[in-house]
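Take a look at the structure below.
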Amino acid sequence: MAKRQMPYFKRWAPEWLVKIILFSMTLPGIIIFFLPLSNVNAAAGYYGSEPADIQFSVALFYAGYVGFYSLERRFFSFLAAKEYFLLFTTLQIVACLICYFTHEIYVLFPIRFIQGMLFAGNVNLSLTLIFTRLSSERGREISFSVFFGILLCALPFNNLITADLIDSYNFNIVYKTAIFSYLPGLIFLTLAMSNYRTHARFHLYKLDWQSFAVFSTILVLVGYITIFGQEYYWLEDPRILGSVIGIIALAGISVVRQKSIKRPYIDLRVFSYRNFKIGLLILFVMYICRFASGITNAFFATELHLDPFYISYINVFNLSGLIVGVIIACCMVLQKKRIQYVWVPGFLMLLLFHALMYYSFDVQANEFNYYIPLFLQGLGVGLIMVPTIIFIISSVPASIGPSAAATALAIRYLGFCVSIALINFFELYEKSRHYNAFQDHLSAVDPFVKDYLHKQTSKLTARGMLEDHAVKASNKLLVSRMNVQDHVRFAMDYYEIMVWLLAAFLLLIILLPYLNRTALYLKSRSLSPA
603 MAKRQMPYFK RWAPEWLVKI ILFSMTLPGI IIFFLPLSNV NAAAGYYGSE PADIQFSVAL
663 FYAGYVGFYS LERRFFSFLA AKEYFLLFTT LQIVACLICY FTHEIYVLFP IRFIQGMLFA
723 GNVNLSLTLI FTRLSSERGR EISFSVFFGI LLCALPFNNL ITADLIDSYN FNIVYKTAIF
783 SYLPGLIFLT LAMSNYRTHA RFHLYKLDWQ SFAVFSTILV LVGYITIFGQ EYYWLEDPRI
843 LGSVIGIIAL AGISVVRQKS IKRPYIDLRV FSYRNFKIGL LILFVMYICR FASGITNAFF
903 ATELHLDPFY ISYINVFNLS GLIVGVIIAC CMVLQKKRIQ YVWVPGFLML LLFHALMYYS
963 FDVQANEFNY YIPLFLQGLG VGLIMVPTII FIISSVPASI GPSAAATALA IRYLGFCVSI
1023 ALINFFELYE KSRHYNAFQD HLSAVDPFVK DYLHKQTSKL TARGMLEDHA VKASNKLLVS
1083 RMNVQDHVRF AMDYYEIMVW LLAAFLLLII LLPYLNRTAL YLKSRSLSPA
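Below is the structure:
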(Lines of atoms letter the chains of each structure in order from A and count residues from 1; the text may use other names and numbers.)
(Lines give C-alpha, C1' and ligand atoms only; values in the text may rest on other atoms or scores of the structure.)
Protein backbone atom coordinates (compact mmCIF):
# COMPACT_ATOMS: atom_id res chain seq x y z
CA MET A 1 0.00 0.00 0.00
CA ALA A 2 1.29 3.45 -0.87
CA LYS A 3 2.25 5.76 1.93
CA ARG A 4 -0.36 8.22 3.04
CA GLN A 5 0.32 11.77 1.86
CA MET A 6 1.49 14.21 4.53
CA PRO A 7 -1.80 15.83 5.72
CA TYR A 8 -0.14 19.24 6.04
CA PHE A 9 0.39 19.34 2.27
CA LYS A 10 -1.72 19.02 -0.86
CA ARG A 11 -1.76 15.81 -2.87
CA TRP A 12 0.18 17.18 -5.84
CA ALA A 13 3.23 18.03 -3.70
CA PRO A 14 5.78 15.14 -3.74
CA GLU A 15 6.75 14.17 -0.20
CA TRP A 16 10.48 14.02 -0.98
CA LEU A 17 10.40 17.54 -2.41
CA VAL A 18 8.44 18.83 0.59
CA LYS A 19 11.06 17.46 2.99
CA ILE A 20 13.88 19.05 1.01
CA ILE A 21 12.11 22.42 0.94
CA LEU A 22 11.38 22.23 4.69
CA PHE A 23 15.03 21.60 5.50
CA SER A 24 16.16 24.28 3.03
CA MET A 25 13.94 26.86 4.75
CA THR A 26 16.05 26.50 7.90
CA LEU A 27 19.29 27.24 6.02
CA PRO A 28 18.94 31.06 5.68
CA GLY A 29 18.20 31.30 9.41
CA ILE A 30 21.20 29.14 10.28
CA ILE A 31 23.40 31.29 8.02
CA ILE A 32 22.34 34.59 9.61
CA PHE A 33 22.72 32.98 13.07
CA PHE A 34 26.53 33.17 13.13
CA LEU A 35 26.81 35.58 10.20
CA PRO A 36 28.54 38.46 12.12
CA LEU A 37 31.29 36.08 13.29
CA SER A 38 32.19 35.17 9.70
CA ASN A 39 34.10 38.47 9.44
CA VAL A 40 34.04 40.37 12.73
CA ASN A 41 36.27 43.20 11.50
CA ALA A 42 34.13 43.82 8.41
CA ALA A 43 30.95 43.81 10.51
CA ALA A 44 32.46 46.13 13.13
CA GLY A 45 33.66 48.51 10.42
CA TYR A 46 30.28 48.56 8.70
CA TYR A 47 28.36 49.40 11.88
CA GLY A 48 31.08 51.64 13.34
CA SER A 49 31.27 49.50 16.48
CA GLU A 50 33.71 47.32 18.39
CA PRO A 51 34.26 43.58 17.87
CA ALA A 52 32.59 42.94 21.25
CA ASP A 53 29.39 44.56 19.93
CA ILE A 54 29.40 42.11 17.01
CA GLN A 55 29.83 39.17 19.38
CA PHE A 56 26.94 40.51 21.46
CA SER A 57 24.71 40.65 18.37
CA VAL A 58 25.28 36.90 17.92
CA ALA A 59 24.53 36.31 21.62
CA LEU A 60 21.27 38.27 21.25
CA PHE A 61 20.18 36.05 18.35
CA TYR A 62 21.06 32.99 20.44
CA ALA A 63 19.20 34.40 23.48
CA GLY A 64 16.08 35.01 21.39
CA TYR A 65 16.21 31.43 20.12
CA VAL A 66 16.68 29.95 23.61
CA GLY A 67 14.19 32.19 25.39
CA PHE A 68 11.37 31.75 22.86
CA TYR A 69 11.83 28.00 22.41
CA SER A 70 9.35 26.97 25.12
CA LEU A 71 6.81 29.72 24.38
CA GLU A 72 6.84 28.98 20.66
CA ARG A 73 4.89 25.74 21.18
CA ARG A 74 1.81 27.72 22.24
CA PHE A 75 1.83 29.69 18.99
CA PHE A 76 2.17 26.44 17.04
CA SER A 77 -0.92 25.12 18.84
CA PHE A 78 -2.87 28.32 18.17
CA LEU A 79 -2.12 28.77 14.47
CA ALA A 80 -2.57 26.34 11.61
CA ALA A 81 0.74 25.18 10.13
CA LYS A 82 0.30 27.23 6.96
CA GLU A 83 -0.67 30.41 8.85
CA TYR A 84 2.21 29.85 11.26
CA PHE A 85 4.75 29.32 8.50
CA LEU A 86 3.66 32.34 6.48
CA LEU A 87 3.64 34.62 9.53
CA PHE A 88 7.06 33.67 10.89
CA THR A 89 8.82 33.52 7.52
CA THR A 90 7.40 36.88 6.44
CA LEU A 91 8.51 38.46 9.71
CA GLN A 92 11.98 36.95 9.25
CA ILE A 93 12.21 38.51 5.78
CA VAL A 94 11.14 41.89 7.22
CA ALA A 95 13.78 41.55 9.96
CA CYS A 96 16.48 40.80 7.36
CA LEU A 97 15.30 43.81 5.38
CA ILE A 98 15.75 46.07 8.43
CA CYS A 99 19.25 44.61 9.02
CA TYR A 100 20.07 45.30 5.36
CA PHE A 101 19.14 48.99 5.54
CA THR A 102 20.38 49.90 9.03
CA HIS A 103 23.88 51.12 9.88
CA GLU A 104 23.19 51.60 13.60
CA ILE A 105 24.35 48.90 15.97
CA TYR A 106 21.68 49.80 18.53
CA VAL A 107 18.98 49.21 15.91
CA LEU A 108 20.61 45.90 15.01
CA PHE A 109 20.59 44.61 18.60
CA PRO A 110 16.79 44.26 19.13
CA ILE A 111 16.29 43.03 15.57
CA ARG A 112 18.84 40.26 16.13
CA PHE A 113 16.94 39.14 19.25
CA ILE A 114 13.69 39.07 17.26
CA GLN A 115 15.43 37.11 14.50
CA GLY A 116 16.39 34.51 17.10
CA MET A 117 12.75 34.19 18.18
CA LEU A 118 11.61 33.80 14.58
CA PHE A 119 14.37 31.27 13.93
CA ALA A 120 13.01 29.14 16.79
CA GLY A 121 9.58 29.14 15.17
CA ASN A 122 10.92 28.36 11.71
CA VAL A 123 13.14 25.48 12.88
CA ASN A 124 10.58 23.91 15.19
CA LEU A 125 7.81 24.05 12.58
CA SER A 126 9.95 22.47 9.86
CA LEU A 127 11.25 19.69 12.08
CA THR A 128 7.86 19.02 13.68
CA LEU A 129 6.25 18.54 10.27
CA ILE A 130 8.99 16.06 9.37
CA PHE A 131 9.05 14.27 12.75
CA THR A 132 5.30 13.61 12.74
CA ARG A 133 5.70 11.81 9.41
CA LEU A 134 8.65 9.70 10.59
CA SER A 135 7.14 6.81 12.54
CA SER A 136 10.44 4.93 12.81
CA GLU A 137 13.10 5.70 15.35
CA ARG A 138 15.74 5.47 12.60
CA GLY A 139 14.12 8.22 10.54
CA ARG A 140 13.76 10.57 13.50
CA GLU A 141 17.38 10.17 14.54
CA ILE A 142 18.65 10.67 10.98
CA SER A 143 16.60 13.89 10.70
CA PHE A 144 17.91 14.93 14.11
CA SER A 145 21.49 14.36 12.93
CA VAL A 146 20.95 16.21 9.66
CA PHE A 147 19.61 19.28 11.46
CA PHE A 148 22.43 19.42 14.00
CA GLY A 149 24.97 18.67 11.31
CA ILE A 150 23.77 21.76 9.45
CA LEU A 151 23.83 23.82 12.65
CA LEU A 152 27.37 22.69 13.52
CA CYS A 153 28.59 23.48 10.02
CA ALA A 154 27.09 26.99 10.11
CA LEU A 155 30.25 28.83 11.19
CA PRO A 156 32.80 27.31 8.74
CA PHE A 157 30.14 27.21 6.00
CA ASN A 158 29.39 30.91 6.55
CA ASN A 159 33.10 31.71 6.31
CA LEU A 160 33.33 29.81 3.05
CA ILE A 161 30.34 31.29 1.21
CA THR A 162 30.48 34.85 2.55
CA ALA A 163 34.24 35.60 2.55
CA ASP A 164 34.39 36.65 -1.10
CA LEU A 165 30.90 38.22 -0.98
CA ILE A 166 31.76 40.46 2.00
CA ASP A 167 35.14 41.31 0.49
CA SER A 168 33.51 42.42 -2.79
CA TYR A 169 30.51 44.25 -1.32
CA ASN A 170 29.40 45.83 1.95
CA PHE A 171 28.76 43.55 4.91
CA ASN A 172 24.98 43.93 4.65
CA ILE A 173 24.83 42.23 1.24
CA VAL A 174 24.50 38.89 3.03
CA TYR A 175 21.17 39.95 4.56
CA LYS A 176 19.93 40.76 1.07
CA THR A 177 21.05 37.30 -0.06
CA ALA A 178 19.15 35.73 2.87
CA ILE A 179 15.95 37.55 1.81
CA PHE A 180 16.13 36.09 -1.69
CA SER A 181 16.97 32.67 -0.23
CA TYR A 182 13.66 32.62 1.66
CA LEU A 183 11.49 33.56 -1.32
CA PRO A 184 11.50 30.34 -3.45
CA GLY A 185 10.62 28.11 -0.50
CA LEU A 186 8.05 30.60 0.76
CA ILE A 187 6.25 30.65 -2.60
CA PHE A 188 6.35 26.85 -3.00
CA LEU A 189 5.12 26.05 0.52
CA THR A 190 2.40 28.73 0.28
CA LEU A 191 0.99 26.85 -2.71
CA ALA A 192 1.66 23.34 -1.36
CA MET A 193 0.56 23.62 2.29
CA SER A 194 -3.00 22.93 3.38
CA ASN A 195 -4.86 24.29 6.41
CA TYR A 196 -4.68 20.95 8.22
CA ARG A 197 -4.62 20.89 12.04
CA THR A 198 -3.56 17.94 14.16
CA HIS A 199 -5.49 19.11 17.22
CA ALA A 200 -8.02 21.63 18.43
CA ARG A 201 -7.07 25.30 18.44
CA PHE A 202 -5.72 26.38 21.85
CA HIS A 203 -6.23 30.06 22.48
CA LEU A 204 -3.44 32.28 23.79
CA TYR A 205 -5.30 33.68 26.80
CA LYS A 206 -2.96 31.92 29.28
CA LEU A 207 0.26 32.66 27.45
CA ASP A 208 3.16 32.54 29.92
CA TRP A 209 4.84 35.68 28.63
CA GLN A 210 6.04 36.54 32.14
CA SER A 211 8.33 33.48 32.28
CA PHE A 212 9.53 34.25 28.75
CA ALA A 213 10.38 37.84 29.72
CA VAL A 214 12.23 36.82 32.90
CA PHE A 215 14.12 33.96 31.24
CA SER A 216 15.09 36.02 28.18
CA THR A 217 16.30 38.90 30.36
CA ILE A 218 18.54 36.49 32.27
CA LEU A 219 19.96 35.16 29.01
CA VAL A 220 20.65 38.64 27.62
CA LEU A 221 22.35 39.72 30.86
CA VAL A 222 24.51 36.59 30.84
CA GLY A 223 25.62 37.42 27.30
CA TYR A 224 26.28 41.05 28.25
CA ILE A 225 28.41 40.11 31.27
CA THR A 226 30.47 37.43 29.54
CA ILE A 227 31.18 39.52 26.43
CA PHE A 228 31.73 42.98 27.95
CA GLY A 229 32.89 41.95 31.44
CA GLN A 230 36.61 41.92 30.63
CA GLU A 231 36.40 45.25 28.82
CA TYR A 232 34.67 46.90 31.80
CA TYR A 233 36.87 45.23 34.48
CA TRP A 234 34.09 42.96 35.69
CA LEU A 235 32.50 43.88 39.04
CA GLU A 236 34.40 47.17 39.26
CA ASP A 237 31.95 48.56 36.71
CA PRO A 238 28.41 49.34 37.97
CA ARG A 239 26.87 48.02 34.74
CA ILE A 240 28.39 44.56 35.22
CA LEU A 241 27.67 44.57 38.96
CA GLY A 242 24.05 45.57 38.34
CA SER A 243 23.71 42.84 35.72
CA VAL A 244 25.01 40.19 38.14
CA ILE A 245 22.58 41.33 40.83
CA GLY A 246 19.79 41.33 38.25
CA ILE A 247 20.57 37.76 37.20
CA ILE A 248 20.55 36.53 40.81
CA ALA A 249 17.25 38.26 41.57
CA LEU A 250 15.55 37.15 38.35
CA ALA A 251 16.83 33.58 38.71
CA GLY A 252 15.29 33.40 42.21
CA ILE A 253 11.98 34.76 40.91
CA SER A 254 12.03 32.32 37.99
CA VAL A 255 12.66 29.26 40.20
CA VAL A 256 9.87 30.21 42.60
CA ARG A 257 7.51 30.86 39.70
CA GLN A 258 8.27 27.57 37.91
CA LYS A 259 7.63 25.60 41.10
CA SER A 260 4.34 27.37 41.82
CA ILE A 261 2.57 27.35 38.44
CA LYS A 262 0.68 24.34 37.06
CA ARG A 263 2.39 24.26 33.66
CA PRO A 264 5.98 25.47 34.17
CA TYR A 265 7.87 27.14 31.37
CA ILE A 266 10.76 24.74 32.03
CA ASP A 267 9.96 21.82 34.31
CA LEU A 268 12.66 21.80 37.00
CA ARG A 269 12.10 18.10 37.66
CA VAL A 270 14.57 17.41 34.86
CA PHE A 271 17.40 18.27 37.26
CA SER A 272 16.50 15.32 39.50
CA TYR A 273 17.93 12.88 36.93
CA ARG A 274 21.63 12.13 37.28
CA ASN A 275 22.36 11.28 33.65
CA PHE A 276 20.63 14.47 32.56
CA LYS A 277 23.06 16.55 34.64
CA ILE A 278 26.05 14.55 33.38
CA GLY A 279 24.92 15.13 29.80
CA LEU A 280 24.59 18.87 30.39
CA LEU A 281 28.13 18.98 31.79
CA ILE A 282 29.52 17.12 28.78
CA LEU A 283 27.67 19.43 26.37
CA PHE A 284 28.89 22.53 28.22
CA VAL A 285 32.54 21.47 28.08
CA MET A 286 32.25 20.49 24.42
CA TYR A 287 30.91 23.95 23.54
CA ILE A 288 33.75 25.68 25.37
CA CYS A 289 36.27 23.58 23.45
CA ARG A 290 34.39 24.04 20.17
CA PHE A 291 34.66 27.82 20.09
CA ALA A 292 38.34 27.75 21.14
CA SER A 293 38.98 27.25 17.42
CA GLY A 294 38.35 31.00 17.09
CA ILE A 295 41.84 31.50 18.54
CA THR A 296 43.23 29.45 15.66
CA ASN A 297 41.46 31.62 13.08
CA ALA A 298 42.72 34.76 14.83
CA PHE A 299 46.23 33.29 14.71
CA PHE A 300 45.89 32.70 10.96
CA ALA A 301 44.79 36.31 10.43
CA THR A 302 47.14 38.21 12.75
CA GLU A 303 50.33 36.15 12.85
CA LEU A 304 50.35 34.33 9.50
CA HIS A 305 48.64 37.30 7.76
CA LEU A 306 46.19 35.13 5.83
CA ASP A 307 43.19 36.93 4.31
CA PRO A 308 39.62 35.85 5.27
CA PHE A 309 39.12 34.22 1.87
CA TYR A 310 42.12 31.90 2.36
CA ILE A 311 41.16 31.18 5.98
CA SER A 312 37.72 30.08 4.80
CA TYR A 313 39.38 27.56 2.48
CA ILE A 314 41.57 26.20 5.29
CA ASN A 315 38.42 25.73 7.39
CA VAL A 316 37.04 23.39 4.72
CA PHE A 317 39.03 20.71 6.56
CA ASN A 318 37.17 21.60 9.76
CA LEU A 319 33.88 21.48 7.84
CA SER A 320 34.79 18.06 6.44
CA GLY A 321 35.57 16.78 9.92
CA LEU A 322 32.19 17.99 11.19
CA ILE A 323 30.32 16.21 8.40
CA VAL A 324 32.24 12.95 8.88
CA GLY A 325 31.80 13.13 12.66
CA VAL A 326 28.04 13.66 12.45
CA ILE A 327 27.66 10.75 10.00
CA ILE A 328 29.72 8.40 12.21
CA ALA A 329 27.82 9.52 15.33
CA CYS A 330 24.47 8.94 13.60
CA CYS A 331 25.52 5.41 12.63
CA MET A 332 26.68 4.66 16.18
CA VAL A 333 23.40 5.93 17.64
CA LEU A 334 21.38 3.81 15.22
CA GLN A 335 23.46 0.77 16.21
CA LYS A 336 22.75 1.47 19.92
CA LYS A 337 26.43 1.81 20.76
CA ARG A 338 27.29 2.70 24.34
CA ILE A 339 27.57 6.43 24.93
CA GLN A 340 31.12 5.96 26.22
CA TYR A 341 32.11 4.56 22.82
CA VAL A 342 30.98 7.87 21.30
CA TRP A 343 32.26 10.32 23.91
CA VAL A 344 35.75 8.82 24.37
CA PRO A 345 36.77 9.07 20.67
CA GLY A 346 35.11 12.51 20.41
CA PHE A 347 36.95 14.04 23.35
CA LEU A 348 40.14 12.26 22.28
CA MET A 349 39.93 14.02 18.89
CA LEU A 350 39.49 17.38 20.65
CA LEU A 351 42.43 16.57 22.93
CA LEU A 352 44.63 15.76 19.93
CA PHE A 353 43.57 18.98 18.19
CA HIS A 354 44.55 21.18 21.13
CA ALA A 355 47.80 19.27 21.73
CA LEU A 356 48.85 19.47 18.06
CA MET A 357 47.97 23.16 17.87
CA TYR A 358 49.97 23.83 21.05
CA TYR A 359 53.12 22.66 19.26
CA SER A 360 52.16 24.29 15.94
CA PHE A 361 51.76 27.91 17.04
CA ASP A 362 54.67 29.94 15.71
CA VAL A 363 55.30 33.38 14.22
CA GLN A 364 56.29 31.71 10.95
CA ALA A 365 54.56 28.52 9.94
CA ASN A 366 53.34 26.51 6.97
CA GLU A 367 49.55 26.50 6.76
CA PHE A 368 49.61 22.89 5.51
CA ASN A 369 50.51 21.85 9.07
CA TYR A 370 47.04 22.85 10.29
CA TYR A 371 44.89 20.79 7.94
CA ILE A 372 44.89 17.61 10.04
CA PRO A 373 44.32 19.38 13.42
CA LEU A 374 41.34 21.30 11.99
CA PHE A 375 39.86 18.07 10.63
CA LEU A 376 40.30 16.40 14.03
CA GLN A 377 38.56 19.29 15.78
CA GLY A 378 35.56 19.02 13.45
CA LEU A 379 35.51 15.25 13.82
CA GLY A 380 35.48 15.48 17.63
CA VAL A 381 32.67 18.03 17.77
CA GLY A 382 30.64 16.10 15.19
CA LEU A 383 30.98 12.88 17.19
CA ILE A 384 29.90 14.42 20.50
CA MET A 385 27.06 16.81 19.60
CA VAL A 386 24.09 14.71 18.43
CA PRO A 387 24.56 11.68 20.75
CA THR A 388 24.93 14.00 23.75
CA ILE A 389 21.67 15.83 23.08
CA ILE A 390 19.85 12.54 22.47
CA PHE A 391 21.41 11.25 25.71
CA ILE A 392 20.14 14.31 27.60
CA ILE A 393 16.59 14.02 26.25
CA SER A 394 16.54 10.23 26.77
CA SER A 395 17.59 10.63 30.41
CA VAL A 396 14.17 12.02 31.42
CA PRO A 397 10.58 10.80 30.90
CA ALA A 398 9.04 11.70 27.54
CA SER A 399 6.46 13.95 29.26
CA ILE A 400 9.17 16.42 30.30
CA GLY A 401 11.35 15.88 27.24
CA PRO A 402 10.62 19.39 25.87
CA SER A 403 11.93 20.90 29.11
CA ALA A 404 15.07 18.78 28.81
CA ALA A 405 15.55 19.97 25.22
CA ALA A 406 15.06 23.60 26.26
CA THR A 407 17.57 23.21 29.09
CA ALA A 408 20.12 21.64 26.73
CA LEU A 409 19.66 24.60 24.41
CA ALA A 410 20.25 27.02 27.31
CA ILE A 411 23.44 25.14 28.25
CA ARG A 412 24.72 25.44 24.70
CA TYR A 413 24.10 29.18 24.84
CA LEU A 414 25.90 29.36 28.18
CA GLY A 415 28.85 27.41 26.76
CA PHE A 416 29.07 29.83 23.83
CA CYS A 417 29.08 32.88 26.13
CA VAL A 418 31.51 31.39 28.67
CA SER A 419 33.95 30.46 25.90
CA ILE A 420 34.01 34.11 24.76
CA ALA A 421 34.50 35.29 28.36
CA LEU A 422 37.37 32.84 28.96
CA ILE A 423 39.13 33.78 25.73
CA ASN A 424 38.79 37.51 26.44
CA PHE A 425 40.04 37.11 30.01
CA PHE A 426 43.02 34.89 29.22
CA GLU A 427 43.95 36.96 26.18
CA LEU A 428 44.35 40.10 28.27
CA TYR A 429 45.85 38.34 31.29
CA GLU A 430 48.32 36.12 29.44
CA LYS A 431 49.34 38.81 26.95
CA SER A 432 50.14 41.29 29.72
CA ARG A 433 51.98 38.61 31.72
CA HIS A 434 54.18 37.61 28.80
CA TYR A 435 54.71 41.23 27.76
CA ASN A 436 56.02 42.05 31.23
CA ALA A 437 58.21 38.95 31.18
CA PHE A 438 59.72 39.99 27.85
CA GLN A 439 60.36 43.51 29.16
CA ASP A 440 62.21 42.08 32.15
CA HIS A 441 64.61 40.24 29.84
CA LEU A 442 64.94 42.78 27.06
CA SER A 443 67.07 45.88 27.53
CA ALA A 444 69.13 48.23 25.40
CA VAL A 445 72.34 46.51 26.50
CA ASP A 446 71.13 43.01 25.60
CA PRO A 447 73.35 41.79 22.74
CA PHE A 448 70.41 40.18 20.85
CA VAL A 449 68.35 43.38 21.13
CA LYS A 450 71.28 45.54 20.06
CA ASP A 451 71.91 43.26 17.08
CA TYR A 452 68.22 43.30 16.02
CA LEU A 453 67.94 47.11 16.32
CA HIS A 454 71.19 47.60 14.43
CA LYS A 455 70.08 45.34 11.54
CA GLN A 456 66.67 46.99 11.25
CA THR A 457 68.14 50.48 11.39
CA SER A 458 70.65 49.59 8.68
CA LYS A 459 67.89 48.20 6.42
CA LEU A 460 65.73 51.30 6.85
CA THR A 461 68.56 53.78 6.29
CA ALA A 462 69.67 51.81 3.21
CA ARG A 463 66.20 52.41 1.78
CA GLY A 464 66.46 56.19 2.28
CA MET A 465 65.04 56.77 5.77
CA LEU A 466 66.78 59.34 7.99
CA GLU A 467 68.84 57.78 10.76
CA ASP A 468 66.80 59.32 13.64
CA HIS A 469 63.55 58.11 12.06
CA ALA A 470 65.09 54.71 11.36
CA VAL A 471 66.02 54.28 15.05
CA LYS A 472 62.46 55.09 16.16
CA ALA A 473 61.00 52.78 13.52
CA SER A 474 63.32 49.96 14.66
CA ASN A 475 62.06 50.30 18.22
CA LYS A 476 58.46 50.14 16.98
CA LEU A 477 59.28 47.00 15.01
CA LEU A 478 60.73 45.46 18.17
CA VAL A 479 57.53 46.23 20.10
CA SER A 480 55.49 44.77 17.24
CA ARG A 481 57.53 41.55 17.37
CA MET A 482 56.94 41.38 21.11
CA ASN A 483 53.17 41.72 20.59
CA VAL A 484 53.24 38.88 18.09
CA GLN A 485 55.09 36.70 20.58
CA ASP A 486 52.60 37.66 23.30
CA HIS A 487 49.67 36.50 21.16
CA VAL A 488 51.37 33.21 20.28
CA ARG A 489 52.18 32.52 23.93
CA PHE A 490 48.61 33.34 24.97
CA ALA A 491 47.26 30.87 22.39
CA MET A 492 49.65 28.17 23.62
CA ASP A 493 48.71 28.75 27.27
CA TYR A 494 44.96 28.64 26.54
CA TYR A 495 45.23 25.44 24.52
CA GLU A 496 47.34 23.88 27.27
CA ILE A 497 44.49 24.57 29.72
CA MET A 498 42.04 22.96 27.27
CA VAL A 499 44.28 19.88 27.04
CA TRP A 500 44.18 19.38 30.80
CA LEU A 501 40.42 20.00 30.91
CA LEU A 502 39.77 17.45 28.17
CA ALA A 503 42.08 14.91 29.80
CA ALA A 504 40.12 15.26 33.05
CA PHE A 505 36.80 14.72 31.27
CA LEU A 506 38.12 11.70 29.40
CA LEU A 507 39.06 10.19 32.74
CA LEU A 508 35.61 11.07 34.15
CA ILE A 509 33.81 9.40 31.23
CA ILE A 510 35.88 6.23 31.53
CA LEU A 511 35.34 5.97 35.30
CA LEU A 512 31.54 6.41 35.22
CA PRO A 513 30.15 3.03 34.07
CA TYR A 514 26.54 3.87 34.95
CA LEU A 515 26.41 6.21 31.94
CA ASN A 516 25.59 3.15 29.81
CA ARG A 517 22.22 2.63 31.49
CA THR A 518 20.49 5.23 29.34
CA ALA A 519 19.17 4.09 25.96
CA LEU A 520 19.93 6.47 23.10
CA TYR A 521 16.67 6.95 21.24
CA LEU A 522 14.05 9.65 20.78
CA LYS A 523 10.97 8.61 22.74
CA SER A 524 8.51 11.11 21.32
CA ARG A 525 7.44 11.57 17.72
CA SER A 526 6.42 15.16 18.40
CA LEU A 527 9.59 16.18 20.19
CA SER A 528 11.38 19.02 18.43
CA PRO A 529 15.15 19.03 18.92
CA ALA A 530 16.69 21.93 20.80
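Using our numbering, read the sequence shown as starting at 603 and increasing by one per residue. The beta-carbon is built from N, C-alpha and C at its ideal position, and this holds for glycine as well. Treat the numbers as computed from the prediction; the structure is a model and nothing was measured.
Ranked by how close their Cα comes to the Cα of residue 1024, the residues 986, 949, 828 and 1108 have 828 in first place. The Cβ atoms of residue 665 and residue 881 do not sit closer than 8 Å to each other.
With a cutoff of 8 Å on beta-carbon distance, residue 756 and residue 636 are scored as near each other. The beta carbon of residue 894 lies closer than 8 Å to those of 956, 1021, 1025, 1096, 1097 and 1100 in the same chain, with the five residues before and after it left out.
Within the model, the alpha-carbon separation for residue 1011 versus residue 838 is close to 31 Å. Nearest C-alpha to residue 781 among 819, 818 and 697: 697.
In the DSSP assignment, residue 888 falls within the alpha helix (DSSP H) that extends over 876–892. Spatial neighbours of residue 704 in its own chain (CB-CB distance under 7 Å, excluding positions within 5 residues in sequence) are listed in chain order as 710.
With contacts defined by Cβ atoms closer than 8 Å, residue 752 and residue 629 form a contacting pair. In this structure, the alpha-carbon of residue 931 lies about 55 Å from that of residue 1075.
A check of alpha carbon separations from residue 883 across 845, 900, 994 and 898 identifies 994 as the nearest.
Around the beta carbon of residue 945, 16 or more other beta carbons sit within 10 angstroms, so the residue counts as buried. Under the three-state reduction of DSSP output, residue 864 falls in the coil class, being neither helix nor strand. In this structure, residue 948 sits near residue 986, with a CB-CB distance shorter than 8 Å. Linking residue 1110 to residue 925 through their CA atoms gives a straight-line distance of about 27 Å. CA-to-CA, the gap between residue 677 and residue 903 works out to about 44 Å. Considering only 1103, 728, 835 and 758, the residue with the shortest C-alpha distance to residue 788 is 728.
Contact annotation, residue 928 with residue 982: C-beta distance approximately 11 Å; criterion of less than 8 Å not satisfied. Measuring C-alpha to C-alpha distances from residue 963 to each of 833, 899 and 669 identifies 899 as the nearest. About 5 Å separates the beta carbons of residue 714 and residue 659, which is inside the 8 Å limit, making them a contact pair.
The Cβ-Cβ distance between residue 722 and residue 671 falls below 8 Å. For the segment 908–968, the continuous alpha helix (DSSP H) assignments of 4+ residues that do not extend past its boundaries occur at 910–916, 918–936 and 941–962, in sequence order.
Of all alpha-carbon atoms in 885, 999, 1002 and 853, the one lying nearest the alpha-carbon of residue 813 is that of 853.
For residue 1003, the closest C-alpha among the options 640, 627 and 866 is that of 866. The residues 902, 908, 969, 972, 973 and 976, in chain order, have a CB closer than 8 Å to that of residue 916 in the same chain once the five nearest residues on each side in sequence are set aside. If you look at residue 818, you'll find it in the alpha helix (DSSP H) that goes 811–830. When secondary structure is reduced to three states using DSSP, residue 996 falls in the helix class.
Spatial neighbours of residue 848 in its own chain (CB-CB distance under 7 Å, excluding positions within 5 residues in sequence) are listed in chain order as 823.
Within the same chain, and ignoring the five residues on either side of residue 674 in sequence, the residues whose Cβ sits closer than 7 Å to its Cβ are 722, 723 and 726.
Out of 750, 656 and 695, the CA that lies nearest to the CA of residue 991 is found in 750.
Secondary structure note for residue 872: it is in no alpha helix (DSSP H), with a DSSP letter that is neither H nor E. Sequence-distant partners of residue 1029 (beyond 5 residues in either direction) whose C-beta falls short of 6 Å from its own C-beta, in its chain, are 1092. Of the residues assessed, residue 1032 falls on the buried side of the cut-off, its CB having 16 or more other CB atoms within 10 angstroms. In the structure shown, residue 771 adopts coil according to DSSP, grouped into three states.
DSSP places residue 705 in the coil class of the three-state scheme, outside both helix and strand.
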